[in-house]
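The sequence shown begins at -8 in this note's numbering and counts up one residue at a time. Heads up, the beta-carbon is just placed ideally off N, CA and C, and yes, glycines get one too.
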Amino acid sequence: MAGRGEPSGNRDVPPVILCIAGTASHFRPVPAYGLSCHWQTILMETDMNTETITTEVLATIRAMNKAWTTGWHEAEFRKYIHEDAVAIVPSAPGRLEGRDAYVAGWRGFAQAATIHSWQESDHKVELFAGGQCSVVTYFFTIDCTVGGVRQIMRGRDMFFLVKEEHAWQVAADQYSPEPLVS
């Protein structure tokens, strides 16, 4: 048997509680086996106010979207995008990797389109890692003219955000058109 403070690797030994994980409404301890201090339970309390964090996350998403839907405001848009961001979009093969590629993708659309309106609805925010990470989903409707053709597109967005240096940033994004209902 390993001594105090040494990894045991034994699942019969009570686990150390490594972190608190969950959603805005439910937190649970996540066990980590074989770590030092294996007889102790470390409870990491969170004093986060989930309503406040949810409000911050939604404000970030709305401000980021405003930076490209009300004209192209690149400096403003860029500050919401993590340097290692990844996006999967239906209009490009593979994925956009890194802040520069991510910003270039949205720049191309924002400069090619005249956006008449942008609406978001049915937001859902889930918090993870003690309120330092978030997944946001919502539906959108965009009325725009591209290539001289006015169109209304409906879709859904899913973002993964991380909080670094007291600011929320988009680390991953996937959007898709809303499937047609037959």
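### Query
To the nearest whole angstrom, what separates the beta carbons of E74 and G89, a pair I think is in contact under 8 angstroms?
Indeed, because the Cβ distance is near 7 angstroms, the residues count as touching under 8 angstroms.
### Message
Counting C-beta neighbours from all protein chains within 10 Å, is the total for G122 16 or more, i.e. buried, or is it exposed?
### Response
By the beta-carbon neighbour count (other beta carbons within 10 angstroms, threshold 16), G122 is buried.
### Task
Could you spell out where the beta strand (DSSP E) holding K70 opens and where it closes?
Judged by DSSP secondary structure, K70 falls outside any beta strand (DSSP E); it is assigned neither H nor E.
### Query
For T128, does the three-state DSSP call read helix, strand or coil?
In the displayed model, T128 falls within a strand according to three-state DSSP.
### Query
Cβ of Q102 within 8 angstroms of Cβ of T132?
No, the pair does not count as a contact, with Cβ atoms beyond the cut-off.
### CB contact flag (I52, V127, <8 angstroms)
Cβ distance < 8 angstroms, so I52 and V127 count as in contact.
### Query
So Q165 and M149 are in contact, right, with Cβ under 8 angstroms, and what is the actual spacing, rounded?
Right, their Cβ atoms sit about 5 angstroms apart.
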